[in-house]
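Here the working numbering is used: the sequence shown runs in plain steps of one and ends on residue 153.
Cβ coordinates follow ideal geometry from the N, Cα and C atoms, glycine included.
Before any comments, here is the structure.
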Amino acid sequence: MFLICSCGESDRSAQEEIGGLDERITAAQNEIETPSYESRTIFRMHMQDLDECEDALLDSVQRQDWEVIKKCAMDLKNASAVIFTGKEKKDLPKEFVMIDTMFHYQALAVVEAAESREMVKLNIEYEKLQDTCDRCHEKYKRNDM
């Protein structure tokens, strides 16, 4: 069972959370279910917004604009493909929900890297965020989306 509760600041870093999630995602990879949507059109609209936000993040990374990087990464962190489906978590494939959770933590890791102003660390965390997106799209994105 996968449950995340929060009542303030976590004692664990985004990287520590990501490590545990990565193991759970690997265990759930054999699922063949695909997520269903209340409205595919609304889901696509939200995903296009995320794509635009990701483009802004990439631009700010290239310019090393630390404040914009943090803002864009927080915008991504606060978005949720699970919520965009309009369904309850329990009605969605476990791996889809876990990848979505990984996405939140990975976006937070980008924020943490931007706060440290270490470009190498930022590039590594940004690449991991991209990998999380690619992982989900590879498994769940349909050609008609």
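For L84, the enclosing alpha helix (DSSP H) covers residues W74 to K85. Three or more pairs of CB atoms, one per stretch, sit closer than 8 Å, so the region 46-65 contacts the region 85-102. With respect to L116, K85 sits close: the two C-beta atoms are nearer than 9 Å. Comparing alpha carbon positions, the residue from E103, S21, S124 and R125 closest to C141 is E103.
Secondary structure of S68 (DSSP, three-state): helix. In this structure the region 61-81 does not touch the region 105-112; the number of beta carbon pairs closer than 8 Å is below three.
When secondary structure is reduced to three states using DSSP, R150 falls in the coil class, being assigned neither helix nor strand.
Under the three-state reduction of DSSP output, L100 falls in the coil class, being neither helix nor strand. In the three-state reduction of the DSSP assignment, E133 falls in the helix class. CA-to-CA, the gap between A121 and M127 works out to about 8 Å. Judged by beta-carbon spacing, V119 lies beyond the 9 Å limit of A64, meaning their Cβ atoms are not closer than that value. With 16 or more neighbouring CB atoms inside 10 Å of its own CB, T93 falls in the buried class.
K98 counts as exposed, since fewer than 16 other C-beta atoms from the protein chains shown sit within 10 angstroms of its C-beta.
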